[in-house]
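A.B. asks: Chains as they are written, first to last, in our numbering: chain A, 1 to 269; chain B, 1001 to 1324.
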Amino acid sequence: MAMTDHVKVDEFKPIDLLAVAAAREVSDGDIVFAGTGLPMLAIMLAQLTNAPNAVCIYEAGSVDGRPISLPTSVGDARCIYQASIASGLFDVFNQLQRGVVDLAFLGGAEIDKYGNVNTTAMGQYGMKPQKRLTGSGGNSDINSLAKKTVFIMPQEKRRFREKVDFITSPGWRIPKWPSGEMVPKKEIYNKAFRGGPAAVVSNMGVFRFDENGEMYLDTVHPGFTAEQVKDNCMFDLNISRVSGETELPTYQQIDLLYNKVDPEGIFLP
Amino acid sequence: MGKPTRLSLTEAISLIKDGDMLTFSGFTIWRRPMAAIYEMIRQGKKNLHLVEVNGGTHDDMLVGAGCVNIWESCWVGHELYGKIGGNFSRKLQSGEVICEDYSHVHMLYRLAAGSMGLPYLPTYASMGTDMLNPEYDHLGKLGLRDGSNPKIPKKKYEIVEDPFYDSQLLHIPAANPDWCIACVQTVGDEGTVRVEGQVYSDEEAIKAADQVIILAEQVVTEEYVRREPTRNLIAPHQINYIVELPWASYPTGSFGFYEPDGAFIKNFYEKTRTQEGMDVWLNEWVFGVKDFDEFLTKVGVLQLEKLRANPVFGYSTKVKRGSR
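1) Tell me, to the nearest whole angstrom, how far the beta carbon of residue 247 of chain A is from that of residue 220 of chain A; I am working on the premise that it is less than 8 Å.
2) Just to confirm, is the Cβ distance from residue 1098 of chain B to residue 1139 of chain B under 8 Å?
3) Check distances from the C-beta atoms of the region 1073-1089 of chain B to those of chain A and list, in chain order, the residues that come in under 8 Å.
4) How big is the Cα-Cα spacing for residue 1187 of chain B and residue 136 of chain A?
5) With a threshold of 7 Å (Cβ to nearest heavy atom), would residue 1171 of chain B be considered close to the ligand MN?
6) Would you say the region 1240-1257 of chain B touches the region 1210-1220 of chain B, given that touching needs at least three Cβ pairs under 8 Å?
7) So, for residue 86 of chain A: in the same chain, excluding its five sequence neighbours on each side, which residues have a beta-carbon less than 6 Å away from its beta-carbon?
8) Helix, strand or coil, according to DSSP, for residue 1067 of chain B in the structure here?
9) Any C-beta of chain C within less than 7 Å: which residues of the region 137-168 of chain A qualify?
10) Taking only beta carbons into account, state which residues of the region 1134-1149 of chain B come closer than 9 Å to chain A, listed in chain order.
11) Ordered along the chain, which non-local residues of its own chain (more than five positions away) have a Cβ less than 8 Å from that of residue 1063 of chain B?
12) Please state whether DSSP places residue 201 of chain A in a helix, a strand or coil.
13) Please list the partners that residue 97 of chain A has in chain B, where partner means a Cβ-to-Cβ separation under 9 Å.
14) Among B:1206, B:1280, B:1016 and B:1296, whose alpha-carbon lies nearest the alpha-carbon of residue 1114 of chain B?
15) In chain order, what residues of the region 221-255 of chain A put their CB closer than 9 Å to some CB of chain B?
16) Residue 88 of chain A: which of A:253, A:60, A:166 and A:126 sits nearest, CA to CA?
17) Might you give, ordered along the chain, the residues of its own chain that have their beta carbon closer than 7 Å to the beta carbon of residue 966 of chain B, omitting 5 neighbours on each side?
18) Helix, strand or coil, according to DSSP, for residue 1218 of chain B in the structure here?
19) Using a 10 Å radius around the Cβ and a threshold of 16 neighbouring Cβ atoms, would you call residue 1317 of chain B buried or exposed?
20) Just to confirm, are residue 192 of chain A and residue 1109 of chain B a CB contact at a threshold of 8 Å?
21) Chain A partners of residue 1269 of chain B, CB-CB under 8 Å?
22) Cα-Cα, which of A:250, A:268 and A:154 is closest to residue 7 of chain A?
23) Using a threshold of 8 Å, state whether the C-beta atoms of residue 1034 of chain B and residue 1067 of chain B are closer than that.
24) May I ask you to report which of helix, strand or coil DSSP gives residue 239 of chain A?
25) Given a limit of 8 Å on CB to CB distance, which residues of the region 78-89 of chain A reach chain B?
26) Could you give the distance in angstroms between the alpha-carbon of residue 1056 of chain B and the alpha-carbon of residue 1160 of chain B?
27) For residue 1136 of chain B, which three-state DSSP category applies?
28) In the DSSP assignment, find the unbroken alpha helix (DSSP H) run with residue 39 of chain A in it and report its ends.
29) How would you call residue 204 of chain A, buried or exposed, if buried means at least 16 neighbouring beta carbons within 10 angstroms?
30) Between which two residues does the beta strand (DSSP E) carrying residue 183 of chain A extend?
31) If you compare alpha carbons, which of B:1169, B:1231, B:1031 and B:1155 is closest to residue 186 of chain A?
32) What are the partner residues of residue 207 of chain A, as DSSP defines its beta bridges?
33) Taking only beta-carbon positions, decide if residue 1027 of chain B is within less than 8 Å of chain A.
34) When the Cβ atoms of the region 67-77 of chain A are set against those of the region 93-108 of chain A, are three or more pairs found closer than 8 Å?
35) Please name the residue in A:201, A:115, A:44 and A:181 whose C-alpha comes closest to that of residue 15 of chain A.
36) Measuring CA to CA, which of A:66, A:33 and A:20 is closest to residue 46 of chain A?
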């Protein structure tokens, strides 16, 4: 067995494939905005493998840190170890608005076929929300203004919705206020339009968005079928463009994840 | 403004009135003014109006203790140690706390505009989202945008034609809170503030507020901080009160001083999902101790020492953080 060989289907956990598939979305040299958790694993793994020149910005205010100990959140003291700059939100969100961010990793509780994401409340919103979640954080700003975003989400039918209960984070078709008519993102963002959701990585497959901004299944993780993925979406998922199976992690990627990126078992128990 | 006044924590917090608008230093579970939170709960503050870039353990506690009426912000949770703000969710779902949802950039620009003496700032961030749904303008729906409270803007936001470059974007109203309570690492004895590590949105929060209370890990000679002025963040004339209070951010963390106490925060999150649980927790950790000294004594010196940052790295290398 060589380190560059792919592991076998029973030699990895679902979370490992999420991290590896997300890491593959990073191109070398990308300026990447990352949040807490799996996005940290993905960008750090990418920097150790396919994208050694990628720059990582954490939204609390650190630029291009080279942590030797995994941060548990973006505000962590570890983020600025060997960073070029330790600043604050005003610096890094202004960089985002300026258009320097190529790629960002995000998460969410629900997503629709246009990549609109809800992190605010499940069920009825309003003065007495049915089930309050965290709220937007930087998710919506980043999805607005980065060139490309990649969502990492657990595959559950109730999370892949025809319509999300609250549009926290804007996808490819979004409401134009005050009427709320759904229009293409470009129409609202004018000169600040640079792109939007490019991929969704779940524990069953990798999804992409077509010319109309609608989600389709690109690859299926080994062990699943396209029909099973479709059954775990509430909307009518397009599975006509499946290009094959998702590439499995290599022994080297698993080794790096467990022994170099997260040796303490913070996000990889 | 003259030079800042040195006060005890009790004295400083007694200046805050019921109904005042507050903002804080820090980010989620880092450099939050926790000692001030316990003291506000102990003093029984009511109807506070929080305006902050994001929430965390500090305001989930304040909300759970019934001190808050309005929260304008964008996020609350305890990071790895609690996925949502349990007290927040309960109080929002019951309608006991009024929430106005914005995004990170919106809240940041509200305070930035306030810090610049401007009425608003323009931004492209988070357009086309339900945060801008007119149905969800809660302060407006409740008639609180009628101008009777000068701290509440007459509109939540406005979509405006850019007069210069042919585009369209958002105008976000300024916020000038009555108070910013900020935890920092170091302050000179005349009031020059030094923040180490990431500064989060501290500069905007401090400069936007009408009055500022600094809780400092250490007060040093002014001569010491003025040897390297490029490392300092705020000048004394923008600070009103200084409280020297080591560990004031505990159980949240402080770069170069200590790690967040993840186990303490996780326990708080798990035990306070119900109001009954919250009341028991408050009786033990807030009302059951006389002051912050007694609180730290109850936490214990060995626990605090484990969290103390290694001076080379700026974080602790002694605390167990994961499963391995």
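From the three backbone atoms N, C-alpha and C, an ideal C-beta is built for every residue, glycine too.
C.D. replies: Working from what's here:
1) For this step, residue 247 of chain A is matched to residue 247 along the first sequence. For this step, residue 220 of chain A is matched to residue 220 along the first sequence. About 11 Å; that fails the 8 Å criterion.
2) Mapped onto the second sequence, residue 1098 of chain B falls at position 98. Mapped onto the second sequence, residue 1139 of chain B falls at position 139. Result yes, Cβ atoms of residue 1098 of chain B and residue 1139 of chain B sit closer than 8 Å.
3) 1073, 1074, 1075, 1076, 1077, 1079, 1080, 1083, 1084, 1085, 1088 and 1089
4) Against the second sequence, residue 1187 of chain B aligns to sequence position 187. Against the first sequence, residue 136 of chain A aligns to sequence position 136. So the alpha carbons of these two residues sit roughly 33 Å apart.
5) For the structure depicted, the ligand MN is absent and the ligand set is empty, with no information on it obtainable.
6) yes
7) As a first step, residue 86 of chain A is located in the first sequence; it is residue number 86 there, counting from the start. Once the five neighbours on either side are set aside, the close Cβ partners of residue 86 of chain A are 62 and 80.
8) By 1-based counting over the second sequence, the position of residue 1067 of chain B is 67. Three-state result, residue 1067 of chain B: coil.
9) Note that chain C does not occur in the displayed structure, where the protein chains are A and B.
10) 1134, 1135, 1136, 1138, 1141 and 1142
11) As a working note, residue 1063 of chain B is residue 63 in the second sequence. 1071, 1085, 1087, 1088, 1091 and 1097, listed in sequence order.
12) Translated into positions along the first sequence, residue 201 of chain A becomes position 201. Of the three classes helix, strand and coil, the one that applies to residue 201 of chain A here is strand, per DSSP.
13) Against the first sequence, residue 97 of chain A aligns to sequence position 97. By Cβ distance, chain B contributes 1105, 1123, 1124 and 1125.
14) To locate residue 1114 of chain B, count along the second sequence from 1; it is residue 114. Per the Cα distances, B:1206.
15) none
16) Against the first sequence, residue 88 of chain A aligns to sequence position 88. The residue with the shortest Cα to Cα distance from residue 88 of chain A is A:60.
17) Absent from the structure is residue 966 of chain B, since the part of chain B shown begins at 1001 and ends at 1324.
18) Residue numbering aside, residue 1218 of chain B sits at position 218 when the second sequence is read from its first letter. Strand.
19) Residue numbering aside, residue 1317 of chain B sits at position 317 when the second sequence is read from its first letter. Exposed, since its Cβ has fewer than 16 Cβ neighbours within 10 Å.
20) Against the first sequence, residue 192 of chain A aligns to sequence position 192. Against the second sequence, residue 1109 of chain B aligns to sequence position 109. No. Outside cutoff.
21) Within the second sequence, the letter at position 269 stands for residue 1269 of chain B. Those within 8 Å of residue 1269 of chain B in chain A number zero; the least Cβ separation is about 13 Å.
22) In the first sequence, the residue the question calls residue 7 of chain A occupies position 7. Out of A:250, A:268 and A:154, A:250 has the C-alpha closest to the C-alpha of residue 7 of chain A.
23) As a first step, residue 1034 of chain B must be located in the second sequence, where it is residue number 34. As a first step, residue 1067 of chain B must be located in the second sequence, where it is residue number 67. No, the Cβ-Cβ distance between residue 1034 of chain B and residue 1067 of chain B is not below 8 Å.
24) If you number the first sequence from 1, residue 239 of chain A lands on position 239. In this structure, residue 239 of chain A counts as coil in the three-state DSSP scheme.
25) 78, 79, 80, 81, 86, 87, 88 and 89
26) As a working mapping, residue 1056 of chain B is identified with position 56 in the second sequence. As a working mapping, residue 1160 of chain B is identified with position 160 in the second sequence. Answer to the nearest angstrom: the Cα atoms are 33 Å apart.
27) Your numbering for residue 1136 of chain B matches position 136 in the second sequence. In this structure, residue 1136 of chain B counts as helix in the three-state DSSP scheme.
28) By one-based count along the first sequence, residue 39 of chain A stands at place 39. Run containing residue 39 of chain A: 38-48, per the alpha helix (DSSP H) assignment.
29) Residue mapping note: residue 204 of chain A aligns to position 204 of the first sequence, counting from 1. Result: buried.
30) Position 183 of the first sequence, counting from 1, holds the residue named residue 183 of chain A. Element bounds for residue 183 of chain A: 181-184.
31) Translated into the one-based positions of the first sequence, residue 186 of chain A becomes position 186. Of the listed residues, the one whose Cα sits closest to residue 186 of chain A is B:1169.
32) Along the first sequence, one-based indexing puts residue 207 of chain A at 207. According to DSSP, residue 207 of chain A bridges with A:200 and A:217.
33) Here the question's residue 1027 of chain B lines up with position 27 in the second sequence. So yes, residue 1027 of chain B belongs to the interface.
34) no
35) Looking up residue 15 of chain A in the first sequence gives position 15. Comparing Cα-Cα distances from residue 15 of chain A to each of A:201, A:115, A:44 and A:181, the minimum goes to A:201.
36) As a first step, residue 46 of chain A is located in the first sequence; it is residue number 46 there, counting from the start. The candidate whose alpha carbon is nearest that of residue 46 of chain A is A:20.
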